[in-house]
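Numbering (the working numbering), first residue to last: 12 to 443.
Beta carbons: idealized from backbone N, C-alpha and C, even for Gly.
Note that this is a predicted model, so its numbers are computed, not measured.
Everything on this sheet refers to the single structure shown next.
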Ligand code: NAD
C-alpha cells in the first residue's frame with residue numbers, strides 16, 4: 012500500500028504511462044493558473060483558491076469475512092466552501108491517492124460554481140479494489156470510514172455522493188451510519204436509493220447530462236447529433252447512461268469499453284443489448300456484440316466525439332497525437348492531462364472539459380439534496396427539465412466566454428468558476 016501522498020507509477024486506461032505530466036493536483040493547478048491569467052486574478056486570490064482547505068487521511072481497519080483485519084487508506088479532501096457546503100463523490104479504487112483526491116476535490120469547486128450550485132468542492136477516496144471484497148466486507152469498510160470522517164460531514168457541511176465503484180447501496184450505508192450517530196439525515200449524502208430519499212433521475216443524471224452538454228455543443232456549432240459517431244470509454248454509471256441516451260437520439264455509438272476491453276461496430280452498436288448485458292453484471296467482452304478492441308484502440312478511433320468515461324489521465328502527450336475525434340467530451344474527471352491537452356489543442360481537437368461535461372451528476376445531487384431538505388419530491392420530468400436548463404445555460408456561458416476572451420472551453424469553464432468563487436471569497440471576507 013502506498014503511503015499518504017506518495018504517488019505510484021501506474022499504467023493508465025490508455026495503456027500509456029504519463030511521464031511528462033505532474034501529479035494530478037499540480038496538473039489541475041496548471042489549468043487553474045491558465046484560467047486565472049485569462050481573468051487577471053490577483054496573486055493573493057490564486058494562492059487562496061489553489062489548495063484544499065482541509066485534508067483528512069485515515070487508516071481504516073476492516074474485518075474480513077475470514078476473521079482477519081485488513082488496513083486500508085481513505086481520504087476526504089475539502090477544497091473550498093466559499094459558496095456553500097463541501098460537495099463531492101467518494102471513489103473506491105486501488106489507484107486512489109492523496110494527489111488524485113486533491114485534484115478531484117478542486118474540480119468539484121469549479122464545477123459547482125460553473126453550474127451555479129450553492130456548494131463548494133470536496134472528494135473522497137478509499138484505496139481498495141472492491142472486486143476483491145464481498146458485500147459484507149464493503150459494508151463494514153463503508154461504515155467504519157463514515158464513522159472516522161463523520162465529524163466533518165453533514166447536510167450543511169460536506170455531502171458525499173457516488174463515484175467510481177460506489178453506488179446507491181454504498182450511499183445508503185453512509186447515510187445509515189451517519190444517522191445512527193447524528194440523527195436522521197437523508198440530506199447528508201446524495202445518490203441514495205429511492206426508498207431512502209433518493210431522487211428519480213439522479214442515477215442517470217451524469218450520463219444524461221453529458222448528452223445535454225453535447226446537444227448544446229452541437230446547437231452552437233450548427234451540427235446535428237443524429238448519425239454522429241461516438242466512442243465511449245467506460246460502461247459504468249456514466250458511460251452506460253450516456254450511450255443509451257445517445258442511442259435513443261439516433262447518434263451512432265461505434266465503440267464502448269469497460270475494464271475488460273472494448274467492442275466496436277462501424278455501423279453502430281446495439282446499445283440496448285449491451286446495456287441489458289452490463290445491467291445484469293456481464294463484461295462487454297462476453298456480450299457477443301461487435302468486434303473486440305482494446306481500450307487504447309478505442310481512444311484512437313475515427314469518430315466525431317470521443318468520450319472518456321472511466322479513469323482519469325487516459326489521454327496524455329503520448330497518445331494524444333493518435334486521437335482522431337473531432338471533439339472530446341470529458342465525461343470522466345481529469346481524463347486529459349496538460350501534455351495531452353496541449354497536443355489536442357494544436358491538432359484542432361476541441362475539448363469539452365469535465366467541469367462542464369459531467370456536471371449533470373452534481374446538479375442532480377443538488378436536486379436530490381433540495382428535495383430532502385424540503386421533504387418534497389419532484390417528478391422525473393421536472394428533474395430532467397431543470398437538469399437540461401442548467402447544463403445548457405452553463406454551456407452557453409462557457410461558449411460565450413471562450414469567444415469573448417479567445418480562449419479554450421476549458422479556460423472559459425474554469426474562468427467562470429474561478430470568478431464566482433473569488434467573488435464569494437472576497438465578499439465573505441476570508442482574506443481580510
Ligand atoms: P463506475 O464505477 O460506475 O464505472 C466505471 C467504468 O469504467 C466501468 O465500466 C469499468 O469497467 C470501467 N473501467 C474501470 N477501469 C478501467 C480501465 N482501466 N480501462 C477502461 N475502463 C475501465 O464509475 P462512474 O460513476 O461511471 O464514473 C466514471 C467516471 O465519471 C469517473 O471519472 C468519475 O469520477 C466520473 N464522474 C462520475 C459521476 C457519477 O455521478 N457517477 C459524476 C461525475 C463524474
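| Query | Result |
| --- | --- |
| Contact the stretch 120-132 vs the stretch 152-161: 3+ CB pairs below 8 Å | no |
| Near ligand 1: residue 210 beta-carbon under 6 Å from a heavy atom | no |
| The stretch 228-235 contacting the stretch 201-220, beta-carbon criterion three pairs below 8 Å | no |
| Coil, strand or helix - residue 169 by DSSP | strand |
| The stretch 98-117 in contact with the stretch 346-355 per 3-pair CB rule at 8 Å | no |
| Touch test, the stretch 54-62 against the stretch 428-439, Cβ-Cβ under 8 Å, three pairs minimum | yes |
| Under 7 Å between C-beta atoms of residue 121 and residue 425 | yes |
| Contact set for residue 226: own chain, Cβ-Cβ below 7 Å, skip 5 residues either direction | 236 |
| Three-way DSSP call (helix, strand, coil) for residue 242 in this model | strand |
| Distance cut-off 6 Å: residue 78 Cβ against heavy atoms of ligand 1 | no |
| Of the listed residues 96, 107, 238, 222, nearest to residue 176 (C-alpha basis) | 107 |
| Where residue 247 falls, given that 16 or more other Cβ within 10 Å makes a residue buried | buried |
| Span separating the alpha-carbon of residue 431 from that of residue 286 | 39 Å |
| Whole-Å CB distance - residue 267 paired with residue 243, under 8 Å assumed | 5 Å |
| Completely contained alpha helix (DSSP H) runs for the stretch 162-235, where each covers 4 or more residues | 179-193, 213-231 |
| Three-pair Cβ contact test at 8 Å for the stretch 248-256 versus the stretch 294-304 | no |
| For residue 412, the three-state DSSP class (helix, strand or coil) | helix |
| beta-carbon residue 173 near ligand 1 non-hydrogen atom, thresh 6 Å | yes |
| For residue 68: DSSP bridge partner residues | 86 |
| Proximity of residue 420 and residue 363 at Cβ, strictly below 7 Å | yes |
| Collapsed DSSP secondary structure at residue 313 in the structure displayed | strand |
| Interface flag, residue 108 vs chain B, CB-CB below 7 Å | This model lacks chain B altogether, as it is built from one protein chain only. |
| Any non-hydrogen atom of ligand 1 closer than 6 Å to residue 247 Cβ | yes |
| Contact check, residue 374 vs residue 398, beta carbons under 7 Å | yes |
| Rounded distance between the beta-carbons of residue 354 and residue 331, thought under 8 Å | 4 Å |
| Candidates 204, 217, 164, of which the one nearest residue 194 by Cα | 164 |
| Residue from 261, 213, 357 with nearest C-alpha to residue 328 | 357 |
| Per-residue burial, residue 144 [other beta carbons within 10 Å of its own, 16 or more giving buried] | buried |
| heavy atom of ligand 1 below 6 Å from residue 217 C-beta | yes |
| Residue 294 and residue 271 closer than 7 Å at C-beta | yes |
| Distance cut-off 6 Å: residue 270 Cβ against heavy atoms of ligand 1 | yes |
| Rounded C-alpha distance that separates residue 188 from residue 153 | 9 Å |
| Straight-line gap, residue 281 to residue 298 (C-alpha atoms, nearest Å) | 11 Å |
| Residue 113 versus residue 47 - alpha carbon distance | 19 Å |
| Cut-off 6 Å between Cβ atoms - residues of its own chain near residue 315, not counting five sequence neighbours on either side | 239, 240, 337 |
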